[in-house]
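Residue numbers (my numbering): 39 to 283.
In C-alpha coordinates:
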(Lines of atoms letter the chains of each structure in order from A and count residues from 1; the text may use other names and numbers.)
(Lines give C-alpha, C1' and ligand atoms only; values in the text may rest on other atoms or scores of the structure.)
Protein backbone atom coordinates (compact mmCIF):
# COMPACT_ATOMS: atom_id res chain seq x y z
CA UNK A 1 0.00 0.00 0.00
CA UNK A 2 1.52 3.33 -1.04
CA UNK A 3 0.82 6.66 0.58
CA UNK A 4 -0.54 9.46 -1.58
CA UNK A 5 2.13 11.96 -2.52
CA UNK A 6 1.14 15.32 -3.88
CA UNK A 7 3.01 16.42 -6.97
CA UNK A 8 5.48 19.27 -6.34
CA UNK A 9 3.82 21.06 -9.29
CA UNK A 10 0.31 20.84 -7.79
CA UNK A 11 0.50 24.28 -6.17
CA UNK A 12 1.95 26.11 -9.15
CA UNK A 13 0.11 29.32 -9.92
CA UNK A 14 -1.11 29.82 -13.52
CA UNK A 15 1.29 32.55 -14.61
CA UNK A 16 4.34 30.79 -13.16
CA UNK A 17 3.25 27.52 -14.76
CA UNK A 18 2.90 29.12 -18.20
CA UNK A 19 6.22 30.96 -17.87
CA UNK A 20 7.94 27.68 -17.02
CA UNK A 21 6.35 25.96 -20.03
CA UNK A 22 7.33 28.76 -22.45
CA UNK A 23 10.91 28.78 -21.16
CA UNK A 24 11.17 25.00 -21.59
CA UNK A 25 9.77 25.21 -25.15
CA UNK A 26 12.35 27.85 -26.09
CA UNK A 27 15.10 25.79 -24.50
CA UNK A 28 14.07 22.71 -26.47
CA UNK A 29 14.26 24.80 -29.64
CA UNK A 30 17.73 25.94 -28.57
CA UNK A 31 18.83 22.33 -28.01
CA UNK A 32 17.42 21.28 -31.36
CA UNK A 33 18.94 24.04 -33.49
CA UNK A 34 21.68 25.85 -31.54
CA UNK A 35 23.36 23.50 -29.09
CA UNK A 36 26.39 22.92 -31.35
CA UNK A 37 26.84 26.55 -32.32
CA UNK A 38 26.64 29.81 -30.31
CA UNK A 39 25.47 31.46 -33.54
CA UNK A 40 22.50 29.17 -34.10
CA UNK A 41 19.32 30.61 -35.65
CA UNK A 42 17.16 30.52 -32.51
CA UNK A 43 19.65 32.48 -30.41
CA UNK A 44 20.30 34.92 -33.25
CA UNK A 45 16.60 35.64 -33.69
CA UNK A 46 15.47 35.75 -30.06
CA UNK A 47 18.54 36.79 -28.06
CA UNK A 48 18.91 40.51 -27.36
CA UNK A 49 21.55 42.33 -29.42
CA UNK A 50 22.91 45.84 -28.98
CA UNK A 51 20.71 48.34 -30.87
CA UNK A 52 23.47 49.11 -33.41
CA UNK A 53 24.23 45.44 -34.04
CA UNK A 54 23.19 43.85 -37.35
CA UNK A 55 21.36 41.23 -35.30
CA UNK A 56 19.12 43.63 -33.35
CA UNK A 57 15.33 43.26 -33.64
CA UNK A 58 12.76 45.16 -31.49
CA UNK A 59 11.04 42.03 -30.18
CA UNK A 60 14.26 40.84 -28.59
CA UNK A 61 13.60 43.00 -25.50
CA UNK A 62 10.94 40.40 -24.65
CA UNK A 63 12.06 37.23 -26.39
CA UNK A 64 15.54 37.22 -24.82
CA UNK A 65 13.94 36.45 -21.45
CA UNK A 66 12.93 33.00 -22.68
CA UNK A 67 16.33 32.07 -24.09
CA UNK A 68 19.04 30.27 -22.09
CA UNK A 69 22.54 29.22 -23.00
CA UNK A 70 22.75 25.87 -21.21
CA UNK A 71 21.27 23.50 -18.63
CA UNK A 72 22.78 25.24 -15.61
CA UNK A 73 21.51 28.60 -16.82
CA UNK A 74 17.89 27.55 -17.27
CA UNK A 75 17.94 25.27 -14.22
CA UNK A 76 18.94 28.08 -11.86
CA UNK A 77 16.44 30.56 -13.29
CA UNK A 78 13.51 28.15 -13.44
CA UNK A 79 14.23 26.82 -9.95
CA UNK A 80 14.11 30.39 -8.63
CA UNK A 81 10.89 31.06 -10.55
CA UNK A 82 9.41 27.80 -9.27
CA UNK A 83 10.45 28.57 -5.67
CA UNK A 84 9.58 32.26 -5.29
CA UNK A 85 7.20 33.01 -8.15
CA UNK A 86 4.05 31.28 -6.81
CA UNK A 87 4.29 33.04 -3.43
CA UNK A 88 4.63 36.41 -5.12
CA UNK A 89 1.82 35.65 -7.58
CA UNK A 90 -0.49 34.67 -4.70
CA UNK A 91 0.42 37.90 -2.92
CA UNK A 92 -0.05 40.46 -5.70
CA UNK A 93 -2.35 38.63 -8.11
CA UNK A 94 -1.72 37.00 -11.53
CA UNK A 95 -2.15 40.11 -13.70
CA UNK A 96 0.11 42.30 -11.60
CA UNK A 97 2.66 39.49 -11.29
CA UNK A 98 2.78 39.03 -15.08
CA UNK A 99 3.26 42.77 -15.59
CA UNK A 100 5.91 42.77 -12.88
CA UNK A 101 7.82 39.92 -14.53
CA UNK A 102 7.91 41.53 -17.97
CA UNK A 103 8.68 45.05 -16.73
CA UNK A 104 11.63 43.74 -14.71
CA UNK A 105 12.86 41.67 -17.65
CA UNK A 106 12.55 44.50 -20.16
CA UNK A 107 14.15 46.94 -17.73
CA UNK A 108 17.05 44.53 -17.25
CA UNK A 109 17.64 44.37 -20.99
CA UNK A 110 17.47 48.14 -21.32
CA UNK A 111 19.98 48.76 -18.53
CA UNK A 112 22.37 46.21 -20.02
CA UNK A 113 22.10 47.97 -23.39
CA UNK A 114 22.62 51.37 -21.74
CA UNK A 115 25.85 50.12 -20.15
CA UNK A 116 26.92 48.69 -23.52
CA UNK A 117 26.29 52.08 -25.13
CA UNK A 118 28.57 53.73 -22.57
CA UNK A 119 31.26 51.13 -23.27
CA UNK A 120 30.99 51.68 -27.03
CA UNK A 121 31.20 55.44 -26.53
CA UNK A 122 34.27 55.10 -24.31
CA UNK A 123 36.02 53.16 -27.08
CA UNK A 124 35.04 55.00 -30.27
CA UNK A 125 33.60 58.30 -29.02
CA UNK A 126 30.11 57.53 -30.32
CA UNK A 127 27.27 55.10 -29.62
CA UNK A 128 27.57 53.46 -33.04
CA UNK A 129 30.39 52.23 -35.28
CA UNK A 130 30.76 52.20 -39.04
CA UNK A 131 29.47 49.40 -41.24
CA UNK A 132 33.06 48.67 -42.27
CA UNK A 133 34.14 48.19 -38.65
CA UNK A 134 31.17 45.88 -38.04
CA UNK A 135 32.23 43.81 -41.01
CA UNK A 136 35.80 43.55 -39.74
CA UNK A 137 34.67 42.63 -36.23
CA UNK A 138 32.30 39.95 -37.55
CA UNK A 139 35.34 38.40 -39.27
CA UNK A 140 37.33 38.54 -35.99
CA UNK A 141 39.59 41.21 -37.47
CA UNK A 142 40.73 44.31 -35.58
CA UNK A 143 39.79 47.66 -37.17
CA UNK A 144 42.80 49.85 -37.80
CA UNK A 145 42.00 52.50 -35.17
CA UNK A 146 41.42 50.00 -32.34
CA UNK A 147 43.55 47.97 -29.99
CA UNK A 148 43.00 44.21 -29.65
CA UNK A 149 41.27 44.45 -26.26
CA UNK A 150 38.97 47.19 -27.58
CA UNK A 151 38.04 45.08 -30.60
CA UNK A 152 37.31 42.11 -28.33
CA UNK A 153 35.03 44.27 -26.19
CA UNK A 154 33.18 45.60 -29.25
CA UNK A 155 32.83 42.11 -30.70
CA UNK A 156 31.19 40.92 -27.48
CA UNK A 157 28.78 43.86 -27.51
CA UNK A 158 27.85 43.59 -31.19
CA UNK A 159 27.80 39.85 -31.76
CA UNK A 160 27.17 38.13 -28.39
CA UNK A 161 23.45 38.36 -27.55
CA UNK A 162 21.99 38.72 -24.08
CA UNK A 163 19.91 35.68 -23.09
CA UNK A 164 18.17 34.52 -19.95
CA UNK A 165 15.36 35.26 -17.51
CA UNK A 166 17.79 36.38 -14.81
CA UNK A 167 16.73 40.04 -14.92
CA UNK A 168 13.09 39.14 -14.28
CA UNK A 169 14.18 36.61 -11.65
CA UNK A 170 16.18 39.25 -9.79
CA UNK A 171 13.08 41.43 -9.77
CA UNK A 172 11.16 38.55 -8.19
CA UNK A 173 13.89 38.00 -5.60
CA UNK A 174 13.91 41.67 -4.61
CA UNK A 175 10.11 41.74 -4.38
CA UNK A 176 10.16 38.61 -2.25
CA UNK A 177 12.79 40.12 0.04
CA UNK A 178 10.72 43.29 0.42
CA UNK A 179 7.37 41.60 1.01
CA UNK A 180 8.65 38.68 3.09
CA UNK A 181 11.84 40.09 4.64
CA UNK A 182 11.81 37.86 7.72
CA UNK A 183 11.00 34.58 6.02
CA UNK A 184 13.86 32.19 6.70
CA UNK A 185 15.37 30.38 3.73
CA UNK A 186 17.67 27.37 3.61
CA UNK A 187 20.47 27.45 1.05
CA UNK A 188 22.70 24.67 -0.21
CA UNK A 189 26.08 24.49 1.58
CA UNK A 190 24.83 26.88 4.29
CA UNK A 191 23.69 24.89 7.35
CA UNK A 192 21.63 27.68 8.96
CA UNK A 193 18.48 29.49 7.78
CA UNK A 194 18.93 33.03 6.46
CA UNK A 195 16.26 35.72 6.42
CA UNK A 196 15.18 36.73 2.93
CA UNK A 197 16.10 40.39 3.40
CA UNK A 198 19.72 39.50 4.16
CA UNK A 199 20.08 36.89 1.45
CA UNK A 200 18.60 39.08 -1.31
CA UNK A 201 20.57 42.15 -0.20
CA UNK A 202 23.86 40.24 -0.26
CA UNK A 203 23.06 38.76 -3.66
CA UNK A 204 22.26 42.17 -5.20
CA UNK A 205 25.36 43.77 -3.66
CA UNK A 206 27.48 40.96 -5.08
CA UNK A 207 26.07 41.60 -8.56
CA UNK A 208 26.81 45.33 -8.24
CA UNK A 209 30.39 44.55 -7.21
CA UNK A 210 30.91 42.06 -10.04
CA UNK A 211 29.31 44.43 -12.56
CA UNK A 212 31.69 47.29 -11.79
CA UNK A 213 34.70 45.01 -11.32
CA UNK A 214 34.65 44.04 -15.03
CA UNK A 215 36.64 40.82 -14.69
CA UNK A 216 38.26 39.60 -17.91
CA UNK A 217 36.41 36.59 -19.31
CA UNK A 218 33.28 37.17 -17.24
CA UNK A 219 30.39 36.60 -19.65
CA UNK A 220 27.62 37.16 -17.10
CA UNK A 221 25.42 40.22 -17.75
CA UNK A 222 25.60 41.58 -14.21
CA UNK A 223 24.00 44.90 -15.12
CA UNK A 224 20.96 43.07 -16.48
CA UNK A 225 20.62 41.45 -13.06
CA UNK A 226 21.01 44.86 -11.41
CA UNK A 227 18.42 46.34 -13.78
CA UNK A 228 15.88 43.65 -12.92
CA UNK A 229 16.51 44.15 -9.20
CA UNK A 230 16.18 47.93 -9.54
CA UNK A 231 12.89 47.68 -11.45
CA UNK A 232 11.58 45.20 -8.88
CA UNK A 233 12.36 47.64 -6.07
CA UNK A 234 10.80 50.58 -7.93
CA UNK A 235 7.60 48.66 -8.76
CA UNK A 236 7.05 47.47 -5.19
CA UNK A 237 7.40 51.06 -4.01
CA UNK A 238 5.31 52.56 -6.84
CA UNK A 239 2.49 50.05 -6.35
CA UNK A 240 2.57 50.74 -2.59
CA UNK A 241 2.83 47.06 -1.75
CA UNK A 242 3.53 46.54 1.93
CA UNK A 243 5.46 43.94 3.86
CA UNK A 244 3.44 40.77 4.40
CA UNK A 245 5.69 38.88 6.81
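Using N, Cα and C, we set each Cβ at its ideal position, and we do this for glycine too. Just so you know, these numbers come straight off a predicted model, no measurement behind them.
query	result
Beta-carbon spacing of residue 119, residue 57 below 8 Å	yes
Burial state of residue 169 (16 or more Cβ within 10 Å)	exposed
Where residue 199 sits in the DSSP three-state scheme	coil
Where residue 77 sits in the DSSP three-state scheme	coil
For residue 230, the three-state DSSP class (helix, strand or coil)	strand
Contacts around residue 125, its chain only, beta-carbon distance under 8 Å, and the 5 residues preceding and following it disregarded	214, 218
Beta-carbon proximity list for residue 111, same chain, < 7 Å, skipping 5 on both sides	202
Beta-carbon gap between residue 284 and residue 122 smaller than 8 Å	The requested residue 284 does not occur in the structure, where the chain is confined to residues 39 to 283.
DSSP-derived helix/strand/coil call for residue 39	Reliability fails at residue 39, whose pLDDT of 44 lies under 50, so the model's placement of it is uncertain and the value that follows must be treated cautiously. Correct three-state label for residue 39: coil.
Residue burial classification, residue 212 (beta-carbon count within 10 angstroms, cutoff 16)	buried
DSSP bridge partner residues for residue 223 (one or two, in chain order)	232
Coil, strand or helix - residue 86 by DSSP	strand
Neighbour flag for residue 264 against chain C, beta carbons, 8 Å	Here chain C cannot be found, since the structure has a single protein chain.
Sequence-distant residues of its chain with Cβ nearer than 7 Å to residue 223 (five each side left out)	231, 232, 234, 237
Buried versus exposed, by CB contacts within 10 Å (16 or more), residue 185	exposed
C-alpha gap between residue 127 and residue 273, whole angstroms	14 Å
Where residue 158 falls: helix, strand or coil (DSSP)	helix
Close-in-space but distant-in-sequence residues of the same chain around residue 87 (CB under 7 Å, 5 per side omitted)	93, 94, 98, 199
Given residue 189 as reference, the closest of 204, 65, 208, 161 once Cα atoms are compared	161
Proximity winner among 138, 67, 241, 148, relative to residue 96 (alpha-carbon distances)	148
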